[in-house]
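In this note's numbering, the protein residues as written are -9 to 270.
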């Protein structure tokens, strides 16, 4: 099966919610909310993307296929699809389709590796109806804010309906350290510096960090810097060199190499795809 590697967090058909979502409203970073009354281009094999998806079809007929299982998209259910989950979009119809693209922050760390079906009850149904109503209303900044809050409520309500495993609660000093990395990716985030912040020796710090985060501090720092760089490339007009510097990369060459290793294309190509998709 040929994989379709979807790198874009948003599409031309939805409302880009990243700017509102940057306010840090919750551990769920919402990239896009979308609704198409008649989705004609639905059959896609090997869909693969670095963000989560929330799917709901108000009419039956189509499904997604994951590891030998057909998961029907019907009015009485929503489907949560974790990031980096490869699946097929299948179905002969062109039904109405509502979706959310979002990311789960590293602090929350939801441990889920397969699509999850959630039954639509009265509360979810009311929120879905409100989301569709907002999509059909006149576009303006206030509508986007309202849609962001409705989308947040949908996601929180959906997660509250299931026993989704979470990673153990992190020590307070580690949470503060992760916040520092997020807040100042351009700073000195070497192992000796981070260890000194916690009053630990370097070797003890690395063992302690891996025990809680299941990766080395260096890998976590690089992943955070790449994630923040992607946000800047999408949301700002800053140059590649400026983005590299703000996210803690010593030069453009190293930034491009690390970005390509993680994303599959260089930062310039990543930005170009975004702008072509948005018609900029």
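No residue lacks a Cβ here, since even glycine has one placed at the ideal position from N, Cα and C. Note that the coordinates shown come from a computational prediction; the quantities given were computed from them, not determined experimentally.
- One thing to note: residue 86 has its Cβ within 8 Å of the Cβ of residue 27.
- Annotation: the continuous beta strand (DSSP E) that includes residue 42 extends over 42 to 46.
- Residue burial is scored here from C-beta neighbours: residue 6 has at least 16 other C-beta atoms within 10 angstroms and is therefore classed as buried.
- Along the segment 146 to 234, the alpha helix (DSSP H) occurs as fully enclosed runs of 4 or more residues at 162 to 173, 181 to 187, 192 to 203 and 207 to 225, listed in sequence order.
- With the rule of 3 Cβ pairs closer than 8 Å, the segment 166 to 180 counts as touching the segment 209 to 219.
- Secondary structure note for residue 23: its beta strand (DSSP E) is the uninterrupted segment 18 to 26.
- Under the three-state reduction of DSSP output, residue 93 falls in the strand class.
- In the DSSP assignment, the residues bridged to residue 4 are 24.
- For residue -7, there is no enclosing beta strand (DSSP E), as DSSP gives it neither H nor E.
- Put simply, the segment 164 to 171 does not touch the segment 51 to 64. Fewer than three CB pairs are less than 8 Å apart.
- In this structure residue 75 is in contact with residue 104, their Cβ atoms being roughly 7 Å apart against a cut-off of 8 Å.
- Counting along the chain, residue 253 sits inside the alpha helix (DSSP H) bounded by residues 242 to 253.
- When C-beta atoms of the segment 109 to 125 are compared with those of the segment 77 to 85, fewer than three pairs fall below 8 Å, so the two segments do not count as touching.
- Relative to the Cα of residue 165, the nearest Cα in the group 34, 0, 202 and 72 belongs to 202.
- The closest CA to that of residue 92, considering only 41, 129, 49 and 133, is found on 41.
- For residue 63, the uninterrupted beta strand (DSSP E) segment begins and ends at 59 to 63.
- Under the DSSP assignment, residue 34 falls in the beta strand (DSSP E) whose first and last residues are 34 to 38.
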